[in-house]
Amino acid sequence: MAERQETGSRKLLGRLRDAMAGNVEGQARLDRITHLIADSMGCEVCSIYLFRDEDTLELCATEGLNQDAVHETRMKLGEGLVGMVARRRRVVNTADAPQTKGFRYMPETGEEVFSSFLGVPIQRLGDALGVLVVQSRTAREFLPDEVYALEVVAMVLAEMTELGAFVGEGAAMSARHLQPAMYRGTVGQEGAAEGHVWLHEPRVVVTNVIADDPVRESERLREAVEQLRVGVDKMLEIAGNHDKDQQQVLEAYRMFANSKGWMRRMEEDISNGLSAEASVEKEQSLARARMGQVSDNYLRERLSDLDDLSNRLLRILTGQGADTGAEMPADPILVARNIGPAELLEYGRSLKGIVLEEGSVGSHAAIVARALAIPLIVHASRVTTEALNGDHIMVDGEQGIAHLRPDDTVVTAFRDKIAMLAAAQERYTSIRDKPAQTRNGAVVSLHMNAGLMADLPSLVNSGAEGVGLFRTELQFLVRNQMPRRSELVALYARVLDAAQGRRVVFRTLDIGSDKVLPYMKPNDEPNPALGWRAIRVGLDKPGIMRMQLQALIRAANGRPLTVMFPFVAQFEEYREARRLMDKTMAAEKRLGHVLPESLEIGAMLETPSLAFAPVKFFEEVDFLSIGGNDLKQFFFAADRENERVRRRYDTLNVSFLSFLEGIVERCGLTKTPLSFCGEDAGRPVEAMCLAAIGFRSLSMRPASIGPVKSLLRRTDLDKLRKIIADARHRGEMSVRPSVMEWLRQQS
Ligand code: PEP
Ligand code: MG
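Under the working numbering, the first residue of the sequence shown is numbered 7, with each subsequent residue one higher.
Below, the structure is given as structure tokens:
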């Protein structure tokens with residue numbers, strides 16, 4: 007019986023392939039297919055329903071139902087038995103459809119006379135594309151072999167839909183890869199860009215879904231799996247014992263690569279007429295569908311391992327390596343699930359924009375994108391499934407929206423936006439060499455944040471007075487191993503050379519929390535943001551900090567040097583760090599190195615506790631810089647990485663402003679130079695309010711200097727102070743609404 011059914015399946019697929027071949031319009035193809043399936047399966051009805059939009063299915067072709075219903079009958083996801091198959095991504099097999107829960111009568115189709123119903127989802131890699139249905143008058147449940155055969159056909163249809171086989175005059179839908187699509191994500195870096203998709207990991211395209219030589223296909227599969235096993239073993243050997251996480255993933259790979267069940271299912275598919283590639287993809291689709299339903303993290307990770315392994319196997323089978331031979335467009339917009347900072351740096355400034363399916367605003371990749379001033383959107387879900395290399399794409403980094411294959415209206419509106427941004431940029435260039443002097447005569451010095459060599463040209467272009475924050479950890483993060491001291495000396499010297507005498511504030515390593523060095527043993531901490539990070543690591547492991555301080559002294563080579571310690575929570579930590587610096591200076595002197603002409607040692611104020619440190623601390627510290635990103639998260643107890651709570655508390659909240667004012671006041675009394683270097687310093691309205699409450703030094707990403715300066719130059723801080731005071735007096739929670747209203751009245 008099984009033998010007979012397998013042959014039947016293969017025969018059906020063979021007929022299907024013939025129906026697909028030839029230069030036929032999409033609709034005619036769909037019609038032929040429904041006829042053929044109904045005929046082969048001995049059913050009166052075969053229908054194909056495809057998604058019209060995200061939640062509407064449309065009857066696109068039928069054999070046996072009323073032809074007038076084609077392209078007329080539509081149902082919502084979950085509606086009727088067809089909608090149920092699509093929603094649950096599961097087969098519905100019933101002998102008595104009208105009596106089955108969920109059945110919905112569609113009078114225009116004339117289906118009431120058909121009793122038995124078998125519907126299977128048409129899906130590809132976990133993506134639902136439609137539903138394939140057969141029906142017959144005789145009340146009977148379909149046999150498992152028949153269900154299996156229809157599932158295989160549905161998979162072939164999914165591939166064909168992907169390849170655009172049903173596109174053309176009169177067809178109900180265009181291939182999904184031809185339709186415009188919009189993705190709403192989160193802003194990682196502002197700006198707007200137009201270009202063409204460059205997939206970081208190109209999708210494998212399977213063109214030969216059906217094969218008529220199962221022996222040959224099985225052989226190909228076995229050879230490919232063998233190659234895969236050898237590859238995984240090699241990776242395990244290289245990984246060795248030291249990286250437990252990586253080892254665990256590779257062990258899971260090895261387990262799948264040796265799994266008999268996996269192999270058996272794929273061989274079964276091949277014997278039923280699928281090509282080796284299609285059999286792998288079928289398994290992968292199932293795994294992806296399961297991934298969407300499983301809530302257990304461990305299981306999800308294993309399924310995702312299987313997904314990755316399937317991709318590797320597909321690459322071996324199709325010969326499409328990561329390098330598909332495709333040529334990078336001249337205006338590439340990188341589209342990826344996620345990307346590491348080092349990989350992003352390799353692309354460098356060649357990219358016009360970046361759209362990520364995962365990622366986070368505070369990730370290192372985001373920091374690199376910001377340093378390179380490349381518009382970035384994160385959390386654009388599904389973009390990698392739908393974008394193809396070379397697709398036209400527009401990235402709106404102001405709104406966090408990507409338009410894929412945009413239509414003409416979107417293109418026109420978007421180009422207007424790009425032109426407006428360019429005009430604004432030009433205005434900023436015209437004030438580049440002018441001071442940020444407010445209407446009432448206050449001068450605010452504007453500095454830039456940096457961390458990569460790629461940032462350095464901005465020192466001249468942006469009009470920054472210096473580098474207010476050099477995040478030294480970025481250089482550590484983008485490498486696979488701890489940089490050597492000599493490398494650091496060369497790097498810091500280049501930074502100082504590029505600064506041409508402008509002040510550069512080097513912040514010592516701020517690692518821990520979300521910034522985990524790939525070559526350092528990770529710490530399993532319940533709450534890393536409150537854990538062993540930044541100066542806490544530096545003081546507990548003085549070797550690294552000493553090495554970094556030595557490198558800075560040597561790089562300065564007699565020039566002035568400014569060093570800042572991150573995440574100081576209490577006076578003693580600053581003192582201890584300073585003592586380490588003194589000792590290092592003395593040792594360097596003994597070794598015959600030239601000492602810096604002058605040395606300033608400051609601290610970052612990122613924890614509320616430091617704002618209440620003894621007066622002596624404010625007298626001893628050479629300067630303070632407020633790390634608003636961290637300070638705000640601890641002040642409001644709201645994780646800066648958590649999109650849910652991050653936006654809940656406004657920087658212009660009256661309590662936070664009062665707290666900052668207190669710090670300004672304390673610094674004023676002790677004459678401690680104070681600046682602000684969190685992201686808020688780069689937001690014009692926030693920067694203006696910081697200036698109003700007394701900040702005279704702000705450090706921000708280079709692209710923000712123009713907009714911040716432009717607004718400051720138009721502002722009368724005395725008037726703004728009154729607006730803020732009045733809002734407070736009225737008991738408002740945040741001064742933002744009043745400030746925004748005041749700005750509107752002025753423009
Ligand atoms: C901050 O916390 O505001 C800051 C500038 O440091 P980072 O963003 O690197 O933690
Ligand atoms: Mg910080």
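Where a beta carbon is used, it is the ideal one built from N, C-alpha and C, also for glycine.
Thinking C-beta only, is residue j closer than 8 angstroms to residue i?
i, j, result
"Val-621", "Tyr-580", "no"
"Val-401", "Ile-339", "yes"
"Val-137", "Leu-19", "no"
"Phe-512", "Leu-558", "yes"
"Val-210", "Arg-321", "yes"
"Gly-70", "Val-88", "no"
"Asn-446", "Asp-724", "yes"
"Leu-319", "Ala-293", "no"
"Pro-412", "Pro-186", "yes"
"Ile-407", "Arg-190", "yes"
"Glu-612", "Phe-629", "no"
"Ala-698", "Arg-672", "no"
"Leu-315", "Phe-262", "yes"
"Ala-562", "Pro-602", "yes"
"Ser-703", "His-409", "no"
"Arg-16", "Gly-279", "yes"
"Phe-573", "Ala-540", "yes"
"Ser-291", "Leu-184", "no"
"Leu-483", "Lys-521", "yes"
"Pro-381", "Glu-196", "yes"
Given this structure, state the Cα-to-Cα distance separating residue i from residue j, to the nearest angstrom.
i, j, result
"Met-272", "Leu-536", "48 angstroms"
"Gly-125", "Val-30", "26 angstroms"
"Gln-129", "Ile-373", "37 angstroms"
"Ala-379", "Asp-133", "34 angstroms"
"Ser-53", "Ala-160", "11 angstroms"
"Ile-276", "Ala-67", "28 angstroms"
"His-41", "Asn-72", "13 angstroms"
"Pro-335", "Glu-404", "24 angstroms"
"Ala-282", "Glu-223", "5 angstroms"
"Val-569", "Thr-514", "7 angstroms"
"Leu-682", "Val-501", "For clarity, residue 682 is Phe in the given sequence; the question names Leu instead. For Phe-682 and Val-501, the distance between alpha carbons rounds to 21 angstroms."
"Gln-764", "Gly-684", "Within the shown structure, residues of the chain are numbered from 7 to 753, placing residue 764 beyond reach of any answer."
"Ala-371", "Gln-481", "13 angstroms"
"Ala-239", "Asn-264", "Checking the sequence shown, residue 239 turns out to be Asp, not Ala. Taking the straight line from one Cα to the other gives about 11 angstroms."
"Arg-10", "Val-384", "Model confidence at Arg-10 stands at a pLDDT of 41, short of 50, so the residue's coordinates are unreliable and nothing is read from them."
"Gly-32", "Met-188", "25 angstroms"
"Thr-167", "Pro-104", "30 angstroms"
"Leu-523", "Arg-94", "42 angstroms"
"Val-389", "Phe-623", "51 angstroms"
"Ala-496", "Arg-560", "9 angstroms"
"Lys-677", "Leu-637", "22 angstroms"
If you count every other CB in all the chains shown that lies within 10 Å of the CB of residue i, and 16 or more means buried, which is it?
i, result
"Thr-79", "buried"
"Met-694", "buried"
"Arg-650", "exposed"
"Tyr-111", "exposed"
"Ile-632", "buried"
"Gly-244", "The sequence shown places Ile at residue 244, rather than the Gly named in the question. With fewer than 16 Cβ atoms within 10 Å of its Cβ, Ile-244 is classed as exposed."
"Arg-35", "buried"
"Asn-659", "buried"
"Met-426", "exposed"
"Pro-463", "exposed"
"Tyr-525", "exposed"
"Leu-56", "buried"
"Glu-479", "buried"
"Gly-267", "exposed"
Kindly examine the ligand NAD and report whether one of its heavy atoms sits closer than 7 angstroms to the Cβ of residue i.
i, result
"Cys-673", "In the structure on display, the ligand NAD does not appear, and the ligands it does have are the ligand PEP and the ligand MG."
Q. Does the stretch 357-366 come close enough to the stretch 93-108 that 3 or more CB-CB pairs lie under 8 angstroms?
A. no
Q) What residues sit near the ligand MG, counting only those whose C-beta is closer than 7 angstroms to one of its heavy atoms, in chain order? A) Here the residues come out as Asp-516, Pro-572, Phe-573, Met-610, Glu-612, Gly-633, Asn-635, Asp-636.
Q.
Three or more C-beta pairs under 8 angstroms: does that hold for the stretch 191-205 against the stretch 387-407?
A. yes
Q: Indicate whether the contact test is met: 3 or more Cβ pairs, each with one atom in the stretch 485-497 and one in the stretch 467-475, closer than 8 angstroms.
A: Touching, no, given that fewer than three Cβ pairs across the two stretches are closer than 8 angstroms.
Q: Pair every Cβ in the stretch 707-715 with every Cβ in the stretch 732-739, then say whether three or more of these pairs are closer than 8 angstroms.
A: no
Q. Quick check: the stretch 537-553 against the stretch 579-593, are there 3 or more CB pairs under 8 angstroms?
A. Segments in contact, yes.
Q. Just checking, does the stretch 421-437 make contact with the stretch 212-226 on the three C-beta pairs under 8 angstroms criterion?
A. No, they do not touch.
Q.
Below 8 angstroms, how does it come out for the stretch 109-123 and the stretch 141-151: are there three or more Cβ pairs, yes or no?
A. Verdict: yes, contact present.
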